[in-house]
Every structure is written in structure tokens, then in C-alpha cells.
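Protein chains in written order, with the numbering used here: chain A, 1 to 123; chain B, 1001 to 1201.
Virtual Cβ for every residue (Gly too), placed ideally from N, Cα, C.
Quick caveat, the model's predicted, so the values are computed rather than measured.
Some notes on the structure that comes next.
Right, here's the structure in full:
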């Protein structure tokens, strides 16, 4: 027996799943060093991913090739703070590894800048 | 930082390192256009959530009212080589989102400040920000078709910029033009690194 479509909400009501529901209410990642440009990549483990949320699993799938935190957020379509919490969980589990941006310590590096310069001249 | 690249299983996996360049400027100066014209992928957009306590005083004493605002962030990428990826971040245009600029600017190579000569004053906050934090930046005057064309000296004077800050004219819609701005910025950043600071790498 099918119920009539009596949904009281519509697009204007906003997302039905509150963003922080995906993070079980956590608004800060355990790993606070994740920068927008930090590279993250999935590593092959024997970990059971069955207990993970669909969002965690989506991140694992996506990061089979290295991506920045910002890219993961854009592709999974969740706010940055949410993706940082998800990634932080996965890093803790060992499913994902991260590499901080090279100049995170703000020390300029001539070799790096020269490589970047050569690269942008080629595009 | 969890620098655990050595733990990465699977023999030849290389985790690239990333570098950041910011594209700043007032609202409508062409930031997203410039990011899009040099990026190798269509510009991506993501959101940051900003939860702020309401400043309104109301009758609900003891009940904290909070509102959540989202700040959109546009960015693009350029793969420099298998080891280095460059990300171009357009900075949020509104001044109330300064807190995001700090994360964006942390470790950035530098910034391209896009200037619309019809609204010069809208670029002052960006110039101030990078000057104060000693982050290398250049000025790219986005030559809109209907805007009066100024000489670089006039722009330098109007923005009260010191002589060493590069200023160039550009068309943010044109890939080659945006590329030149990027090249100029990296050259400028490189020129500011003393040779003695050469890494041992």
C-alpha cells in the first residue's frame, strides 16, 4: 500500500542530513595538521571497511590516487571541516596517509621554487 | 604532521608534495576567472562552515544562538611534475572571512593580487594582508574592456607600493596572460630567497 507523497519539506528546507551528522557531531578533526593542500592517499590494508560510514568509504575510494584535502572535499561534496574529520579518522585507522605541503614551515626553498618556476613556464 | 610516506605500502607509490599560490583581490576582480584559465581541471569549489555565535541580544537568556555560514572557496590545480602539484586558491572576497586567509596563506609561495582599476580600493585589504605577513605578492591589473588603462606607475602610486613589487597588466580570461602572472610571481618569490638560504637538498 503506497502512501501519498506528503513530504512537508522541499529544496528550500536545506539539506536534510545536517553536515555534522556525518562526523557524529565532531566539529574538529583529531588531526589538526591537515591543510587544504595536504596530499592524502589510500593505502591497501587488511582493515575491515564494512563498519565505516558511506562517506568514509567514498573518501577511501576517491583517494586511490593522491589528492589534496580540498579536492576530496569538492568531489565528495562535503564542507572542508567535515572532510578533515573523515580523513583524520581514516589516517588514524591507517587507511589513508597524508603528506603536508612542502613549505608548511614557511621556509622558502630555492630548489622547490625553481622546480615550480620551470613547471609553470612549460604550461 | 603525520609524515608517514615511508609507511606507504605498495612499492612505487609516490605521494606528491603540494605548493599553494593565492589569487586575491576584491569582489569581481576576476579571481575565479584567473584560476580557471590556468588550471588543468575545471575550477573546483568547496565550502567551509563557519559557526558564529549570534551577537544579537534577545530574551532567551542563557540560550546561545548560533548561526552557520558557509564560505565558498574556488581552486584549481597544475601538476608541475610527478612530485609537485601546485594549487591555486581564490581567496574569499569578503573581509569577514579573514580567518580563512590564514590557513590559505600558511606555507603559500605567494599571491597574485588582481586589481580592477575601476575599484582600486577593493584591493587594499589584500595588499595590506600580504605586506604585513611578508608573503611575496605581485599586482596583476586585470584589464577590463571598459576600464581606463593606467600606466604601472600610476597603479603603483595609487596602491602605495614599494618599487620592488612587480606590477603587470593582464587579461585573466587568457591562459597565456594568467600564466605570465604566475611565472612573474614565482620569479619574484625566488628573488626574495637569499642564496644563503639554499636548502641542502
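Is the separation between the beta-carbon of residue i and that of residue j shorter than 8 Å?
| i | j | result |
| --- | --- | --- |
| residue 1109(B) | residue 115(A) | no |
| residue 1090(B) | residue 101(A) | no |
| residue 1038(B) | residue 1078(B) | yes |
| residue 90(A) | residue 83(A) | no |
| residue 1126(B) | residue 1025(B) | yes |
| residue 1186(B) | residue 62(A) | no |
| residue 1020(B) | residue 123(A) | no |
| residue 88(A) | residue 52(A) | no |
Between the Cα of residue i and those of the options, spot the shortest distance and give me the residue it belongs to.
| i | options | result |
| --- | --- | --- |
| residue 1076(B) | 1111(B), 1119(B), 1032(B) and 1118(B) | 1032(B) |
| residue 1101(B) | 1135(B), 1117(B), 1083(B) and 1082(B) | 1135(B) |
| residue 1014(B) | 1124(B), 1042(B), 1083(B) and 1195(B) | 1083(B) |
| residue 1044(B) | 74(A), 97(A), 79(A) and 88(A) | 74(A) |
| residue 1167(B) | 1176(B), 1153(B) and 1175(B) | 1153(B) |
| residue 1041(B) | 1027(B), 1068(B) and 1087(B) | 1087(B) |
| residue 1142(B) | 1184(B), 1128(B), 1018(B) and 1174(B) | 1174(B) |
| residue 1170(B) | 1132(B), 1163(B), 1188(B) and 1150(B) | 1150(B) |
| residue 1133(B) | 1103(B), 1145(B), 1144(B) and 1146(B) | 1103(B) |
| residue 65(A) | 1027(B), 1016(B) and 1074(B) | 1016(B) |
What distance in whole Å lies between the Cβ atoms of residue j and residue i, which are believed to be in contact at a cut-off of 8 Å?
| i | j | result |
| --- | --- | --- |
| residue 1029(B) | residue 1122(B) | 7 Å |
| residue 1190(B) | residue 1105(B) | Incorrect: roughly 18 Å between the Cβ atoms, too far for contact. |
| residue 94(A) | residue 45(A) | 6 Å |
| residue 23(A) | residue 67(A) | The Cβ separation is near 19 Å, so there is no contact. |
| residue 1130(B) | residue 1111(B) | 5 Å |
| residue 1120(B) | residue 1161(B) | The Cβ separation is near 12 Å, so there is no contact. |
| residue 58(A) | residue 76(A) | 5 Å |
| residue 40(A) | residue 72(A) | 7 Å |
| residue 81(A) | residue 1048(B) | 6 Å |
| residue 1195(B) | residue 1034(B) | Not really, about 31 Å apart at Cβ, beyond 8 Å. |
Cα separation between residue i and residue j?
| i | j | result |
| --- | --- | --- |
| residue 36(A) | residue 1070(B) | 16 Å |
| residue 70(A) | residue 1046(B) | 7 Å |
| residue 1061(B) | residue 1092(B) | Residue placement at residue 1061(B) is poorly supported in this model, since its pLDDT is 48, which falls under 50; the coordinates still yield a value, given next. Straight-line Cα distance between these residues: approximately 34 Å. |
| residue 1192(B) | residue 111(A) | 13 Å |
| residue 1157(B) | residue 1139(B) | 12 Å |
| residue 1148(B) | residue 1118(B) | 8 Å |
| residue 54(A) | residue 1113(B) | 40 Å |
| residue 1155(B) | residue 109(A) | 31 Å |
| residue 1050(B) | residue 1097(B) | 9 Å |
| residue 1068(B) | residue 1124(B) | 28 Å |
| residue 50(A) | residue 78(A) | 21 Å |
| residue 1188(B) | residue 1146(B) | 30 Å |
| residue 1183(B) | residue 1072(B) | 26 Å |
| residue 47(A) | residue 29(A) | 21 Å |
| residue 1027(B) | residue 1164(B) | 26 Å |
| residue 125(A) | residue 1128(B) | Residue 125(A) lies beyond the residue range present for chain A, which begins at 1 and ends at 123; the question has no answer from this structure. |
| residue 1018(B) | residue 26(A) | 27 Å |
| residue 92(A) | residue 38(A) | 16 Å |
| residue 113(A) | residue 1074(B) | 23 Å |
| residue 1063(B) | residue 60(A) | The predicted position of residue 1063(B) is uncertain, since its pLDDT is 48 and thus under 50; a value taken from the coordinates is nonetheless stated next. Rounded to whole angstroms, residue 1063(B) to residue 60(A) spans 39 Å at the Cα level. |
| residue 21(A) | residue 1144(B) | 45 Å |
| residue 1137(B) | residue 1085(B) | 20 Å |
Report whether the distance from the Cβ of residue i to the nearest heavy atom of the ligand NAD is below 7 Å.
| i | result |
| --- | --- |
| residue 1103(B) | This structure lacks the ligand NAD; in fact it carries no ligand of any kind. |
Which partner residues of residue i appear in the DSSP bridge assignment?
| i | result |
| --- | --- |
| residue 1138(B) | 1112(B) |
| residue 1025(B) | 1114(B) |
| residue 1157(B) | For residue 1157(B), which the question treats as bridged, DSSP gives no partner whatsoever. |
| residue 123(A) | None; residue 123(A) has no bridge partner. |
| residue 1020(B) | 1087(B) |
| residue 1180(B) | Bridge partners of residue 1180(B): none, in fact. |
| residue 1076(B) | 1088(B) |
| residue 1040(B) | BP columns for residue 1040(B) are empty, so no partner. |
| residue 1081(B) | 1084(B) |
| residue 1167(B) | 1139(B) |
| residue 71(A) | Bridge partners of residue 71(A): none, in fact. |
Are any of the Cβ atoms in chain D nearer than 8 Å to that of residue i?
| i | result |
| --- | --- |
| residue 1193(B) | The structure shown contains no chain D; its protein chains are A and B. |
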